[in-house]
Every structure is written in C-alpha cells, then in structure tokens.
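Asks: Protein chains in written order, with UniProt numbering: chain A, 1 to 175; chain B, 1 to 399. Note that beta-carbon positions come from the ideal geometry of N, C-alpha and C, so glycine has one too. Keep in mind that this is a model prediction, so the values were computed, not measured.
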Amino acid sequence: MGKSRKKVQIIVLLVLIALGAYAIVTQVFGSDGKPKVGSTAPDFDLLGLDGKAHTLKEYEGKAMVINFWGTWCKPCVKEMPALQSQWEKWKDKGVVILGINAGEDEMAVSNFAKQVNVNFPIVLDTEKSAVSSYGISPLPTTFFVFPNGKVKDIHTGQLDLATLDKQIEELVNSQ
Amino acid sequence: MIQEVLAFKNTKCECGHQNPVGTVLCEACGRPLEAEDRESNEVLEMRYDGMARRSQRANPNIIDKVWNFFSSVKIAVYMIILTLIGSMLGTIFPQEDTFLNIDASTYYENTYGTAGMIYYKLGLSHTYNSWWFVGLLVMIGASLVICSLDRVLPLYKALSKQKIRKHLQFLKRQRVVYQTPIEEDAEAWVKRIAVPIKKKGYRVHTEGSALLAEKYRFSRWGPYIIHIGLIIFLLAVLARGLPGLHMDQHIPFPEGEIKHIPNTSYYLKNDKFKVEFYTEEDMPTEFKGKNKVLPKLFETKATLYVCTDNCNDPTKQPVLKEVDQHNIQVNDPLDYKGLKAYQFDYDLTPILRSVKPSLVDKKTGTDYGNFKLDMKNPQRSYKVGAYTLDLKEKYMDFG
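Here you go:
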C-alpha cells in the first residue's frame, strides 16, 4: 500500500500543478489577448481592394508594416503619402505595406485610394474583426512585424517619413 | 512524529493491532496509544475516530512535505483569509473589465487621483485576474482536494472496520458517558436491549456482552460532500477559460442591419428596438416628483441567423438561414442553444441608412420613377426609366 499511496500522491500533485498552471496562465496572460511588442501578430482574412481575400499567412517571410486607418481620420490621410513612398522604395526588397481600413465600405475606400493616389495593398475590415484582434483603439495605429510574424513595434498616431524609413530599415536588417 | 520514529516508538496496541504512525486511538479497540493520554481523564480526541491522517507519516520527503502543507486545515484557513482580503481590495475601485473601452493607465489616475494611480500600479485594478489571486484560488483548490483525500480514507476505514468491543478507556472518556451497574447477566441484557434500540432506527451489532449501535452514519461524510461541491465549482470556473466554452461580447446592432457575431457562425438582426418611458402618472410612487426619466420597457425584436455557406470567405456573401426569433427584454434574452443575446445599451441617434430619390425632368415634369440608394455598400449603377445612373462618389459628412 505504501508504494501505491506514493504514486497516488504524485499523480494528485501533478494534476493539481497542471490545472493550477493552466488556470494562472489563461487568467493572467490570456485575458486581453492583444498583441504586444514581441508577440505574434494575429492572423486575419479580409477582402482586398483587388477583390481577393488576403491573410497574414500569405505574407509570411516578409517584413510587414500594417497600418490601420480610416478615410475620415485626418492623421491617417496625412501619412498616406509617406506610406506610399515607402511602398515604392521597399516593395522589391521583401517588405509589404498593408493598409487595413477600419469598417468602411469598398466604394469609399477605393475612391479615396484613387484620390490620394496610393496603390499599396489595402484590405477592408468591414466587421472590424482585425481591429479588435489587434486591439486598436485610436487611428492610425501601425504595427511593424518581423518576417517571422513577431511584432517589432507598435506606433500610435501619425507617422513621419523618417521614422517609417528607420523602422523598415531595422525590419529589413534583422533578416 | 519524527521523534516518535527516532524513539522507535511502538505503535502496536495491547490488543495486538499494529497502528500506523500518528494514530491517536487504536484502530481496532480504541485504546489511547499515548501513555500520557491513558492516564488522563479528559474527553478523548475523537477526530477521524483516532485514525492517523494520510499526511502523518514517518520520515516525510519533499512530496510528503508539500502534501502536508496542503492537507493542513490551519494553512487552508490562512489561505481563505488572504483570499478574502484580496477580494476586498478588488472592490475599492471598479475593476478594469467593468469598463468597455478605457485606457486603464490614465483612467484610474484621472478619475480617482493619486489613490487611483497607486491602485492601478499595484495591479489591483485587475485583482481577480492577477497571478496571486488566481494562485490563491488554485492553492485553496489543491488544499480542498488534498485535505479531502487525506481524511476520507482514514474515515472510511474507521467506519467500515469498527471493532464492536472497545477499550474501556475509549468508552469512559467520550463526551457523553453514562455508567450504571446492571444486575442481569451481561449477554442476556445485551440481547434484550438490542430490540428497543433497533426499533429506534439504530443499526445494532453485538459481540457477546458488547453492543454497538449507530445511525445516520452518512452524516459523517458531510464535509467531504461540501468539498466535492466546491471542487466541482472551481473546475467549472476553470472550464470557462477553455476556448469555445465561454464568450462575452458587446456589439452594437443598428436597426435593420444583419451583423455577424465575431468568432461564431451566427448573425443577428435587430428588427426593431423599442424603449418606453414611464409617464409622471404611472411612475412607481417612490420615484414620483423626482423629475426622473425612467424606462418602462426595453425591447429588441431580434432574428438570429446561422451561416450555412461561404462563411469564412470574405470575397463572397455568406449564405444565412434564420434559426430563431425573439423579443429580447430585460432578463429575457434570446437564447439559442446556449448563445444568449441580452440588451446592454441603446443609442437613439438617427443614422441615415438609405434615401429614395426620384428622377424628374424639371422642364417637362416627367417623373421617371425612384430608386433606393443605400448609404453603406451601395449599388454602383441604377436603372431609372430610360436612364442609367452611375454612382461615382459619396460624401457622407454633409448636414
């Protein structure tokens, strides 16, 4: 009986440790789930202005700048030219600049893109699912993502060309 | 306990039974095992009928020590007190998760001043999700499990293999004792007395001149039944954290729009929202004359759809099937297979959803008819009479 009792003790303790660790991890770290610097950028599956569905997975292996924006948001509009010029500069060097429009319809977004003359990939988050999985509250918010899918940096508010260039260079040099 | 082992203490009772270390009263006959205890006339220590708890053992190793820590009632009481204090701290200011959309790092300082800032910095603004609070709960859970295991088996043994003839000391030192001389022959008396005791509902066991009668044995298991209940409760709380078992979302549903419920295959349509307020006359008396606006009825006529095709393809329109319809009121949610939709808030700000302009030739006055122009995702081309109208741009921020 002595041996089986010890076995029972060890099994009970192991089960308790496993359950306890699970409880603490899910409660403490899993509660908000918003990506932070260093965590993996959440996947999305959104309709692009090109009429095709785009996911984060298809850009795997490329450094990414994910910009959340809206046509009604003035700083977003102001940073569009900077994003466009960086897109032109880096697109052949394994960098993707992706705009995620927060909740507007296709017509508004495509007309806007034509009007401000930008052609980097833009996807429509009509249900704001990516907005919520990325935990976006103010617009614009920009995520810089390493080719391995980890978040390098999160920038809230308008971006200027210099910071954008520096950030992208750091992303590219990390490879 | 260790000293007992070092002293090669004999745990064998005079009745011949070998008792485990930590036993207070002989498992077989009930004779107190400690010499000191035998000389005393105090009431006996009757916990677990004198059985050794599982945690009491000679030479505890590390596992035994952990086990003993959790099996201690004293430690459990401290843990419960700490949890109580922790829970109280969590109620000083509202918790972060009671707000839908705040930046906690500034909210607490702006709303409650320095105290709020300290509260936030200490992490008390999310007390119930903090590692130490959950840790305490886990430890209480562990304590419940281990305490129960530690005591249930000795109790089971004590109850199932009771010797009928007990040691005289065992009998004389109970809390309630009655002693009287009986003139009759002992065995005959025991036989005779068993009948009326049985009638009273006792289960009677006799062995020669000894008699053991008991009833309501089940009540001895009471504490462990409560423990099992608490353990099930804690496991249920844990299970809420498993993906897919619990969901809580706040989503606005503008009237007339079918909206997707994120992370599910369900779509909900708010067909009609109605809010009625009390008039001054039919207002409940305690609120009369206080110039208050009190709602009498919140009601949302809602329709629930489930997606049957093209669900996760953003390039296609999802195919929806109506599955439920309900008038949601306070405490009366739409409930479909455990998915419950409650009302949370309302916003009476009007939204321009669509317009129906007519095409009229100003000179001749000819009316070519009208068309419906949606504000969101509008059609790009309309046929009105002989004309085709193309939508080029929309300017939403007028007015």
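Would DSSP call E4 (chain B) helix, strand or coil?
Replies: Confidence at E4 (chain B) is low in this model, with a pLDDT of 43, below 50, so the placement of that residue is unreliable and no value is reported for it.
Asks: Under DSSP, the beta strand (DSSP E) around P295 (chain B) begins and ends at which residues?
Replies: Per DSSP, P295 (chain B) belongs to the beta strand (DSSP E) from P295 to D309.
Asks: Quick check: what's the CA-CA separation for I231 (chain B) versus K259 (chain B)?
Replies: Roughly 39 Å separates the two Cα atoms.
Asks: Please name the residues in the region 287 to 316 of chain B whose beta-carbon is closer than 7 Å to at least one beta-carbon of chain A, in chain order.
Replies: Under the 7 Å Cβ criterion, the region 287 to 316 of chain B contributes N312, D313, P314 and T315.
Asks: Would a check of beta-carbon distances place G201 (chain B) closer than 8 Å to chain A?
Replies: Not one chain A Cβ lies under 8 Å of G201 (chain B).
Asks: Taking any Cβ of chain A, which residues in the region 319 to 335 of chain B have a Cβ under 9 Å from it, in chain order?
Replies: Cβ contacts with chain A: none found.
Asks: Indicate whether the contact test is met: 3 or more Cβ pairs, each with one atom in the region 17 to 24 of chain A and one in the region 227 to 243 of chain B, closer than 8 Å.
Replies: These segments touch.
Asks: Quick one: what's R203 (chain B) bridged to in DSSP?
Replies: The partner list for R203 (chain B) (beta bridge, DSSP) reads B:E214.
Asks: Based on the DSSP output, what are the partners of W69 (chain A) in its beta bridges?
Replies: DSSP output for W69 (chain A) lists A:N101 as bridge partner(s).
Asks: When you compare the CB positions of T156 (chain A) and P138 (chain A), do they come within less than 8 Å of one another, or not?
Replies: Yes, these two residues count as a Cβ contact at 8 Å.
Asks: Quick one: does S4 (chain A) have its CB under 8 Å from some CB of chain B?
Replies: For S4 (chain A), the answer is no, since every Cβ of chain B falls outside 8 Å of its Cβ.
Asks: Do I17 (chain A) and N67 (chain A) have their C-beta atoms closer together than 8 Å?
Replies: Contact flag unset, no.
Asks: Between G28 (chain A) and chain B, is any beta-carbon pair separated by less than 8 Å?
Replies: The sequence shown places Val at residue 28 (chain A), rather than the Gly named in the question. Yes, V28 (chain A) lies at the interface with chain B (some Cβ there is under 8 Å from its Cβ).
Asks: Buried or exposed: S148 (chain B), going by 16 or more other Cβ atoms within 10 Å of its Cβ?
Replies: Buried is the call here.
Asks: For a test of the three-state rule: what should DSSP assign to T114 (chain B), helix, strand or coil?
Replies: Of the three classes helix, strand and coil, the one that applies to T114 (chain B) here is helix, per DSSP.
Asks: If you run the structure through DSSP and keep just helix, strand and coil, what is L391 (chain B)?
Replies: Residue state, collapsed to three classes: coil.
Asks: Return yes when the Cβ of D105 (chain A) is within less than 8 Å of the Cβ of N270 (chain B), no when it is not.
Replies: Not closer than 8 Å, so no.
Asks: So that I know if they touch, is there some Cβ in chain A lying closer than 8 Å to that of R109 (chain B)?
Replies: This sequence places Glu at residue 109 (chain B); Arg is not what is there. Cβ-Cβ to chain A under 8 Å: no for E109 (chain B).
Asks: Please list, in chain order, the residues of the region 90 to 121 of chain A that have any C-beta partner in chain B closer than 8 Å.
Replies: Of all residues in the region 90 to 121 of chain A, D105, E106, M107, A108 and N111 have a Cβ within less than 8 Å of some Cβ in chain B.
Asks: By how many angstroms is the C-alpha of K199 (chain B) removed from the C-alpha of M247 (chain B)?
Replies: Answer to the nearest angstrom: the Cα atoms are 57 Å apart.
Asks: May I ask you to verify whether the region 44 to 51 of chain A touches the region 129 to 137 of chain A, counting CB pairs closer than 8 Å and requiring at least 3?
Replies: Yes, since at least three Cβ pairs between the region 44 to 51 of chain A and the region 129 to 137 of chain A fall closer than 8 Å, the two stretches touch.
Asks: Per DSSP, which residues does S381 (chain B) bridge with? Please list them.
Replies: Per DSSP, B:D390.
Asks: Mark A188 (chain B) as exposed unless 16 or more other C-beta atoms lie within 10 angstroms of its C-beta, in which case mark it buried.
Replies: By the 10 Å Cβ count, A188 (chain B) comes out exposed.
Asks: Quick one: what does DSSP say K78 (chain A) is sitting in, helix, strand or coil?
Replies: Of the three classes helix, strand and coil, the one that applies to K78 (chain A) here is helix, per DSSP.
Asks: Since D185 (chain B) and S71 (chain B) are thought to touch, with beta carbons under 8 Å apart, how far apart are those beta carbons, to the nearest angstrom?
Replies: Rounded, the Cβ-Cβ distance is 48 Å, inconsistent with contact.
Asks: Would you verify that the beta carbon of A53 (chain A) is, or is not, closer than 8 Å to some beta carbon of chain B?
Replies: With 8 Å as the cut-off, A53 (chain A) counts as an interface residue toward chain B.
Asks: What residues in its chain sit with their C-beta under 8 Å from that of Q179 (chain B), if we drop five residues either side in the sequence?
Replies: If we look at Q179 (chain B) and ignore the five residues flanking it on each side, its Cβ neighbours are K172.
Asks: Is there contact here, the region 159 to 167 of chain B with the region 202 to 210 of chain B, by at least three beta-carbon pairs under 8 Å?
Replies: Yes, the region 159 to 167 of chain B touches the region 202 to 210 of chain B.
Asks: Is the distance from the Cβ of V275 (chain B) to the Cβ of P252 (chain B) below 8 Å?
Replies: No, these two residues do not count as a Cβ contact at 8 Å.
Asks: Would you report the Cα separation of E14 (chain B) and I81 (chain B), rounded to the nearest angstrom?
Replies: In a straight line, the C-alpha of E14 (chain B) is about 44 Å away from that of I81 (chain B).
Asks: Are the CB atoms of M80 (chain A) and K394 (chain B) within a distance shorter than 8 Å?
Replies: No. Outside cutoff.
Asks: Can you tell me whether Y346 (chain B) is buried or exposed? The criterion is at least 16 other CB atoms within 10 Å of its CB, across all chains shown.
Replies: Answer is exposed; the Cβ neighbour count stays below 16.
Asks: Should G116 (chain B) and Y128 (chain B) be called a contact, given that it needs their Cβ atoms to be closer than 8 Å?
Replies: Going by C-beta atoms, G116 (chain B) is not nearer than 8 Å to Y128 (chain B).
Asks: For Q167 (chain A), does the three-state DSSP call read helix, strand or coil?
Replies: In this structure, Q167 (chain A) counts as helix in the three-state DSSP scheme.
Asks: Mind pulling the alpha helix (DSSP H) runs of 4 or more residues that sit fully within the region 16 to 90 of chain B?
Replies: Taking only runs of at least 4 residues, the alpha helix (DSSP H) segments lying wholly in the region 16 to 90 of chain B are 35 to 39, 62 to 71 and 73 to 89.
Asks: Here's the rule: buried if 16 or more other CB atoms are within 10 angstroms of the residue's CB, otherwise exposed. What is V24 (chain B)?
Replies: Answer is buried; the Cβ neighbour count reaches 16.
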